[in-house]
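Chemist: Right, I'll just put the structure down here and ask away after.
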Amino acid sequence: MGWCPLHLTILAIVLTTICADMMRKSIVFDEKNPKYFYCPQEKPKGMNKMLVKARPIDKLCEFEGQPPKEFKSDCYNDIDESDYACAEKERIMMRLNPPNDTETTTMSTTTAKTYYKTKPKKL
């Protein structure tokens, strides 16, 4: 009889993890409307059965994950101010405004080794 409570506990932990992960990933971004993101209005029961509301992308992670005490979000469970929401906003902004090749240089030319500076020989 000792195995039954153990199995129920493990099952409860797994289900809680799955539901929490679905809740975390419930922020939706559509490339056709890049000025907006979509967040759930109620607890999502599945990715295909979500009631969402469009909000401006500037409102996503507006307080950098630390909303004021009196703040009430339009999104369920303040999901738009979670750590995942801030990471998602950073990913979305990188997609909308990719860095230039010159900005991503990691090695300056003055300290680069000489074989990086030389042109490849033609065969």
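Going letter by letter, the sequence shown gives residues -20 to -1, 1 to 103 in mature numbering (1 follows the signal peptide of the UniProt record, and there is no 0).
From the three backbone atoms N, C-alpha and C, an ideal C-beta is built for every residue, glycine too.
Which same chain residues end up closer than 7 Å to E22 when comparing Cβ atoms and leaving out the 5 residues on each side of it in sequence?
Modeler: In the sequence shown, counting from the first residue as 1, residue 22 sits at position 42. Excluding sequence neighbours, E22 sits near L31 and Y56.
Chemist: Using 8 Å as the threshold, is the C-beta distance between Y18 and K39 below it?
Modeler: Within the sequence shown, residue 18 is the residue found at index 38, counting from 1. Within the sequence shown, residue 39 is the residue found at index 59, counting from 1. Contact: no.
Chemist: So the candidates are P48, F51 and E61; which of them puts its Cα closest to the Cα of S6?
Modeler: The residue you call residue 6 lines up with position 26 of the sequence shown. Checked all of P48, F51 and E61; the closest Cα to S6 is E61.
Chemist: Which same chain residues end up closer than 6 Å to I72 when comparing Cβ atoms and leaving out the 5 residues on each side of it in sequence?
Modeler: The residue you call residue 72 lines up with position 92 of the sequence shown. Contacts found: F9.
Chemist: For the beta strand (DSSP E) holding Y56, just list the boundary residues, first then last.
Modeler: Numbered from its first residue, the sequence shown carries residue 56 at position 76. Premise fails: Y56 is in no beta strand (DSSP E) and is neither H nor E.
Chemist: Taking C-alpha atoms, which residue in P36, P20 and Q46 lies nearest to K29?
Modeler: Translated into positions along the sequence shown, residue 29 becomes position 49. Nearest of P36, P20 and Q46 to K29, Cα basis: P20.
Chemist: State the CB to CB distance for the pair P41 and K15, rounded to an integer number of angstroms; the pair is presumed to be in contact (CB under 8 Å).
Modeler: Here residue 41 refers to the residue found at position 61 when the sequence shown is read from its first residue. Here residue 15 refers to the residue found at position 35 when the sequence shown is read from its first residue. Note that residue 41 corresponds to Cys in the displayed sequence, not to Pro. Actually they are not in contact, since the Cβ atoms of C41 and K15 sit about 15 Å apart, beyond 8 Å.
Chemist: Can we count Y16 as close to the ligand ZN, meaning its CB is less than 7 Å from some heavy atom?
Modeler: This structure simply doesn't include the ligand ZN, nor any ligand for that matter.
Chemist: Which residues does DSSP list as the beta-bridge partners of C19?
Modeler: As a first step, residue 19 must be located in the sequence shown, where it is residue number 39. DSSP lists K33 as partners of C19.
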